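Peer 1: What follows is a single structure, and I will ask about it in a moment.
Number of protein chains: 2
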Amino acid sequence: MTRAVADGRELAGRLRRRDVTVAPAVLNLLESRTDDAREQARALLRAVAPAELGAEAGGHVVGITGPPGVGKSSLLSRLIAEWRAHQRSVAVLAVDPTSRRSGGALLGDRARIDVDPADRDLFIRSNAAGNRLGGLAPATRAGAAALAAAFDVVVIETVGVGQSETEVADVADTVAVIVQPASGDILQFLKAGIMEIPDVLVVTKADLGRIASRAVIDLESALRALGSADTPVLAVSSASPPSGIAELVAALDRHRAGLDLSQRRLQSRRLHALADFVAEYGEHGLRSLGGRREAERWLAEQEPGLDVPTLADALERRAEGA
Amino acid sequence: MTRAVADGRELAGRLRRRDVTVAPAVLNLLESRTDDAREQARALLRAVAPAELGAEAGGHVVGITGPPGVGKSSLLSRLIAEWRAHQRSVAVLAVDPTSRRSGGALLGDRARIDVDPADRDLFIRSNAAGNRLGGLAPATRAGAAALAAAFDVVVIETVGVGQSETEVADVADTVAVIVQPASGDILQFLKAGIMEIPDVLVVTKADLGRIASRAVIDLESALRALGSADTPVLAVSSASPPSGIAELVAALDRHRAGLDLSQRRLQSRRLHALADFVAEYGEHGLRSLGGRREAERWLAEQEPGLDVPTLADALERRAEGA
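Each protein sequence line maps, in turn, to chains A and B. In terms of my numbering, the first sequence is residues 11 to 332. In terms of my numbering, the second sequence is residues 11 to 332.
Put into structure tokens, the structure is as follows:
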């Protein structure tokens, strides 16, 4: 039995008309590896590109990352409730590295996102594609960009510390790192420069009182020492009743409002195109472009507004012509 | 000015005669990217391969990893002193991800490895090659394999949690993860299956007494829950006087003695060859091999004892013929 490949342009049209029901079909297309599907996926990405950089610039792509067990899923449930209470549609792409490991079943985190199954304006893909080492697969980058055409908020949730937030930052408009009180490792990673400074730092379990306030103070002083005193550090509690959730949504919105979003998205497209090219053609391909720095320089010179597949094609042609 | 490329076979001969003074020249050759250097590097790796799998199997390749600030460098100083006190020669390849980031200077960890500069049987490369996201570069994998022909112990030190130890495990005979007491993140990573179970778990700051013993008990019960009750958990102190260092060396040696080392090294060579191939040719190359699983299956069918460059060449020829 041959299954028909979805029409990329048609899916893109529906996304741009803010038809959130096409989300599963969109992700399936982007994750499919057949030649036909890859061609349709490129057509889809080309057709959503104007919305991505347009006047309203589509939804807010928010990266949420941090170690397991800090309460990311409980927090996400609260955030979703807050966004939905304000009629904002939400898509969540949760990358679960344990799905590639034997210990996967132990996480069990996923089940803890509380959702109303009848809510059509909330879409959750609880096992978005990751690469072998838990990073973002090209399909997840592409999925976030595409869904942002239809949803008000697109969340990319990843687990990890020290590498994951770098990759998420290449894709998200705003990156929030979630930590729990008394997690000295995070402070060490920040101080050592191994972890990028997030746009928003969130300390969970604010109901713990003094321990959480202590963590906020420690993180704030670390950020000051790193010359990033402006990075907001918020304490939240996902317990009943929750606290700090509306403030967190406000901090995320404030960060986005302060961005030169079209610049950030242009840069994100270039990094996305280069990441796709390197994933596809490796160092051999990169050498044909004169190395990473030269490729980045060349991309920055291209006409602004080019979409990811066009940029990736241009890199490929340049590598072949070299 | 043209600099002559080192002769790979000659360097390999000196390594196999246990001439530890060639270590800098060996690493420089392996990290060099010119065509000539790459050819000589392959010749070197081919020529050390018999020693790697031979009767004595060369030195013990030990991976040491964990978050920054846990005292890895102090511990490494103590370990080096212990190994040297028993006349074992030691090479250390320390991969510093902060060298690729702005915050690099903040780490300052490196200076804390105390060494005797006149000791010829101790070699430290404090900034071994890493890739963009802090993983091991092909040159570091190759360096560890080559130096093991001459040194009794080769240490690969990396910083990180959750991804770094996976990569180190592909290369090292024995992987030790170093944690500090009260580091809840590590426990969460272990339980969530995001972090591979190490061969040896080390809790530093044993001088803290009850806090350190509590950490040992927590980690032991987590390992039991994961079905890995046999994994040793050791408490050490690098303070003056140190404690637990001789026990740690014994645990590392015991782990190696229990390995089917030639099986592990054969598997390591296959993973090394495949990692090199993918770094070089990307997903496009991997698809020509029928995908990762098919490539691993095919590699496992090849004659045992083939060296990394020969396996990588075979993958390349197979991809081209496809």
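For each residue, glycine too, the CB sits at the ideal point set by N, CA and C. Keep in mind that this is a model prediction, so the values were computed, not measured.
Does DSSP classify residue 161 (chain B) as helix, strand or coil?
Peer 2: Coil, per DSSP.
Peer 1: Using the rule of at least 16 other Cβ atoms within 10 Å of the residue's Cβ for burial, across every protein chain shown, is residue 251 (chain A) buried or exposed?
Peer 2: Exposed, because fewer than 16 other Cβ atoms sit within 10 Å of the Cβ of residue 251 (chain A).
Peer 1: Answer yes or no: does any C-beta atom of chain A fall closer than 8 Å to that of residue 251 (chain B)?
Peer 2: No - not a single Cβ of chain A is within 8 Å of the one on residue 251 (chain B).
Peer 1: To the nearest angstrom, how far is the alpha carbon of residue 201 (chain A) from that of residue 235 (chain A)?
Peer 2: The straight-line gap from Cα to Cα measures roughly 9 Å.
Peer 1: For residue 188 (chain A) and residue 80 (chain A), which I take to be in contact (beta-carbon distance under 8 Å), what is that distance rounded to the nearest angstrom?
Peer 2: That pair is a contact at about 5 Å.
Peer 1: Around the Cβ of residue 168 (chain B), are there at least 16 other Cβ atoms within 10 angstroms (buried) or fewer (exposed)?
Peer 2: When all chains shown are included, residue 168 (chain B) counts as buried.
Peer 1: Specify whether the segment 18-37 of chain B and the segment 311-318 of chain A touch according to this definition: at least 3 beta carbon pairs, one from each stretch, less than 8 Å apart.
Peer 2: Output reads no: the segment 311-318 of chain A does not touch the segment 18-37 of chain B.
Peer 1: Hey, would you say residue 225 (chain B) sits closer than 8 Å to residue 233 (chain B), going by beta carbons?
Peer 2: In this structure, residue 233 (chain B) does not lie closer than 8 Å to residue 225 (chain B) by Cβ.
Peer 1: When DSSP labels each residue in this structure, what does residue 184 (chain B) get in the three-state scheme?
Peer 2: Residue 184 (chain B): strand per DSSP, three-state reduction.
Peer 1: If contacts are defined as beta-carbon pairs under 8 Å, then residue 181 (chain A) and residue 278 (chain A) qualify, I think. What distance do you get, rounded to the angstrom?
Peer 2: Going by Cβ atoms, the distance from residue 181 (chain A) to residue 278 (chain A) rounds to 6 Å, so yes, they are a contact pair.
Peer 1: Is the beta carbon of residue 39 (chain B) less than 8 Å from the beta carbon of residue 51 (chain B)?
Peer 2: It is a contact, given that the beta carbons lie within the stated cut-off.
Peer 1: Please say whether residue 231 (chain B) and residue 84 (chain B) have beta carbons closer to each other than 8 Å?
Peer 2: It is not a contact, given that the beta carbons lie outside the stated cut-off.
Peer 1: So which residues of chain B does residue 133 (chain A) contact, with C-beta pairs closer than 8 Å?
Peer 2: Residues of chain B passing the Cβ test: none, with the nearest at roughly 24 Å.
Peer 1: Return the residue from the list B:269, B:197, B:290, B:186 that minimises the CA-CA distance to residue 246 (chain B).
Peer 2: Among B:269, B:197, B:290, B:186, the Cα nearest to that of residue 246 (chain B) is on B:186.
Peer 1: Chain B beta carbons: is any one of them nearer than 8 Å to that of residue 154 (chain A)?
Peer 2: Residue 154 (chain A) does not count as touching chain B.
Peer 1: By the 10 Å Cβ neighbour count, where 16 or more other Cβ atoms means buried, how is residue 267 (chain A) classified, buried or exposed?
Peer 2: Exposed.
Peer 1: Please determine, among B:323, B:49, B:314, the residue with the shortest C-alpha to C-alpha distance to residue 276 (chain B).
Peer 2: It is B:314 whose Cα lies nearest to the Cα of residue 276 (chain B).
Peer 1: Determine, using beta carbons only, whether residue 195 (chain A) comes closer than 8 Å to chain B.
Peer 2: Interface residue, yes.
Peer 1: Do we get a CB-CB distance below 8 Å when we pair residue 260 (chain B) with the residues of chain A?
Peer 2: With 8 Å as the cut-off, residue 260 (chain B) does not count as an interface residue toward chain A.
Peer 1: Ends of the alpha helix (DSSP H) at residue 135 (chain B)?
Peer 2: Per DSSP, residue 135 (chain B) belongs to no alpha helix (DSSP H); it is in the beta strand (DSSP E), 132-138.
Peer 1: Ignoring anything shorter than 3 residues or poking outside the segment 208-277 of chain B, list the beta strand (DSSP E) runs there in chain order.
Peer 2: Within the segment 208-277 of chain B, the complete beta strand (DSSP E) runs of at least 3 residues are 210-213, 243-245.
Peer 1: Quick one: Cα of residue 113 (chain B) to Cα of residue 103 (chain B), how far?
Peer 2: Caution applies to residue 113 (chain B), whose pLDDT of 38 falls short of 50 and renders its modelled position unreliable; the model cannot decide the point.
Peer 1: What is the rounded straight-line gap between the Cα of residue 304 (chain A) and the Cα of residue 147 (chain B)?
Peer 2: Going by the C-alpha atoms only, they are around 20 Å apart.
Peer 1: Closer than 9 Å between beta carbons: that is the criterion. Which residues of the segment 265-292 of chain A meet it against chain B?
Peer 2: Result list: 287, 288, 289, 290, 291, 292.
Peer 1: Would residue 204 (chain B) pass as an interface residue toward chain A - the criterion being a Cβ-Cβ separation below 8 Å?
Peer 2: Closer than 8 Å to some Cβ of chain A, the Cβ of residue 204 (chain B) qualifies, so yes.
Peer 1: Excluding sequence positions up to five away, which residues of its chain have a Cβ less than 7 Å from the Cβ of residue 253 (chain B)?
Peer 2: For residue 253 (chain B), where only same-chain residues beyond five positions count, the Cβ hits under 7 Å are 216, 246, 247.
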